[in-house]
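Have a look at the structure below, then the notes.
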Amino acid sequence: MTTLINPTTGAALREVPSASLDDTDTAIERAQEAFVSWRALAPGERARLLRSFAAIVDAHNEELARLEVENSGHTIGNARWEAGNVRDCLNYYSAAPERLFGRQIPVAGGVDVTFREPLGVVGIIVPWNFPMPIAGWGFAPALAAGNTVVLKPAEITPLTAMRIAELAIEAGIPQGVFTVLPGQGSVVGQRFVSHPLVRKVCFTGSTEVGKQIMAGCADQVKRVTLELGGKSANVVFADADIAKAAATAPYAVFDNAGQDCCARSRILVERSAYDEFVGRLETAVQQMKVVDPSLDESEMGPMVSARQRDAVQGYIDGATIAFQGTSPGGDGFWLPPTVVESKATDEPVWREEVFGPVVAVMAFDDEEQAVALANDTEYGLSGSIYTRDLGRALRVSRAIESGNLSVNSHSSVRYWTPFGGFKQSGLGRELGPDAPNAFTEEKNVFFSDD
Ligand code: NAD
2 MTTLINPTTG AALREVPSAS LDDTDTAIER AQEAFVSWRA LAPGERARLL
52 RSFAAIVDAH NEELARLEVE NSGHTIGNAR WEAGNVRDCL NYYSAAPERL
102 FGRQIPVAGG VDVTFREPLG VVGIIVPWNF PMPIAGWGFA PALAAGNTVV
152 LKPAEITPLT AMRIAELAIE AGIPQGVFTV LPGQGSVVGQ RFVSHPLVRK
202 VCFTGSTEVG KQIMAGCADQ VKRVTLELGG KSANVVFADA DIAKAAATAP
252 YAVFDNAGQD CCARSRILVE RSAYDEFVGR LETAVQQMKV VDPSLDESEM
302 GPMVSARQRD AVQGYIDGAT IAFQGTSPGG DGFWLPPTVV ESKATDEPVW
352 REEVFGPVVA VMAFDDEEQA VALANDTEYG LSGSIYTRDL GRALRVSRAI
402 ESGNLSVNSH SSVRYWTPFG GFKQSGLGRE LGPDAPNAFT EEKNVFFSDD
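In the numbering used here, the protein residues as written are 2 to 451.
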């Protein structure tokens, strides 16, 4: 049993049973049985079931969003978007079953055709920071490509995934096709890695655990996708719209209380614009509405857990704070948005993924130094570039070693564009038009015309 805590109040929410090793094995075996008929379903029928699934998730948007506010402390505005994102992923990938094209390749003496064969059972391991979207980015394309799915939510945030699994059954998705198994990473998650019937593991979480998963998967040459940590840079050149860059920077790092792998937790500002930017940033940070996440006006809620709050507090205590926003008191896991001016790149707050509402700001002198500083990290997930110079935007966006960049904006994840990391931020890509292919093996068959 895991006791779930409401992060906004610190009060116990409810108990959730943890799946055992036997429960996990049984679910994997059922998923394998269900795979036989799910893959054989007519493409149009699989598509129709995924659209029904999307419709029922949509009809329960408010219920799912309220559940996430209680379980994870997400703002209600974010949580509604997150449930909507699951619906959108299902709808987008519901178009895939009839479009899972192979190729016909010219050969002598016959016909050569490729097929996209589903893998079988796919194991999806989800972290606590975005329980709904990260689950959907895995299960929607995996199901569309004809696989069955076993999914393990994070120990402390299982409620929305459990509810989505019930909704799948209501939508007509056959038993065993999509199973959610709340439980420990070291039990359920580890079994996805070691069980031979699980043919692919999609892991989102810390780089440390991701490396263990990758090493474990090597034993069976198991397919693996990793979406790991980040330490993304927001690079602001002096020619940019400084007012816009400063007004939007807090949302690029403090959204979801900074518990976002794409958080732009380092801000690099060209020296001639530094003072103006930091002055405007202070105004923007102090205006952020850090209040009860169940209120429509809330822009930032609490940390997900006391443990996460304490870990982030450690970074704040070890840094020289420039200024902070506000946060409520009480027994919830609150921290104020915090801005640190970094003087050296070896400061932990500059170098490590804080995963909380803390941003470090540093000045740079020219484009070359900006790129070098942005790339001076083992991570490479996201980032932003603010400039009005088109040539510079092109040069810098090509030079930064990162999977997802935005110029003059902070957008990072759209379900119809590819998402994933360079370097130690991950392996493989999720989302976008090609995601279903990542849940298939390409098979080549030559038919002789003899
Ligand atoms: P975590 O690595 O501790 O846990 C992630 C998931 O893995 C959980 O479900 C956990 O139960 C499971 N797990 C833990 N140990 C396991 C093991 N030995 N075998 C199998 N499964 C195991 O990470 P977290 O603290 O939940 O999440 C925060 C981290 O996730 C941050 O580092 C963040 O950057 C990263 N993250 C990355 C992305 C991305 O897309 N790149 C998205 C969200 C979060």
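Every residue, glycine too, gets a C-beta built ideally from N, C-alpha and C. All figures in this text were calculated on a predicted structure; none of them were measured in a lab.
Residue i (DSSP reduced to helix, strand or coil)
i	result
Arg94	The residue you asked about is not Arg; residue 94 is Tyr in the sequence shown. Three-state DSSP puts Tyr94 in a helix.
Pro8	coil
Lys212	helix
Arg389	coil
Asp113	strand
Lys245	helix
Phe420	strand
Pro134	helix
Ala285	helix
Ala345	coil
Asn235	strand
Pro337	coil
Ile174	coil
Met2	coil
Met163	helix
Ser273	helix
Candidates the options: closest to residue i by CA position
i	options	result
Leu336	Ala162, Val108, Gly302	Gly302
Gln221	Asp240, Arg200, Glu209	Arg200
Ala48	Ala96, Ser73, Glu64	Ala96
Glu353	Gly217, Pro338, Glu379, Gly333	Glu379
Asn79	Pro329, Gln260, Val210	Gln260
Ser53	Glu171, Thr158, Thr10, Phe140	Glu171
Phe440	Asn72, Leu101, Phe423	Leu101
Gly392	Asp240, Phe278, Ala258, Val279	Asp240
Ala55	Ala166, Val279, Glu16	Ala166
C-beta contact flag for residue i and residue j at 8 Å
i	j	result
Ala169	Pro154	no
Met133	Glu46	no
Phe255	Thr149	no
Leu227	Phe193	no
Val123	Ala143	yes
Ala162	Val178	no
Ala361	Ser266	yes
Ala253	His411	yes
Trp39	Gly206	no
Glu156	Thr3	yes
Val397	Val236	yes
Leu374	Gly231	no
Val108	Val446	no
Phe140	Ile126	no
Glu298	Val305	no
Whole-angstrom C-beta distance between residue j and residue i, which should lie under 8 Å
i	j	result
Thr208	Gln425	5 Å
Val313	Gly357	3 Å
Ala394	Ile401	Wrong, their Cβ atoms sit about 11 Å apart, outside the cutoff.
Val341	Thr327	At roughly 17 Å, the Cβ-Cβ gap does not stay under 8 Å, so Val341 and Thr327 are not in contact.
Gly427	Leu229	5 Å
Gly421	Arg415	With a Cβ gap of about 13 Å, Gly421 and Arg415 do not count as contacting.
Leu120	Arg224	7 Å
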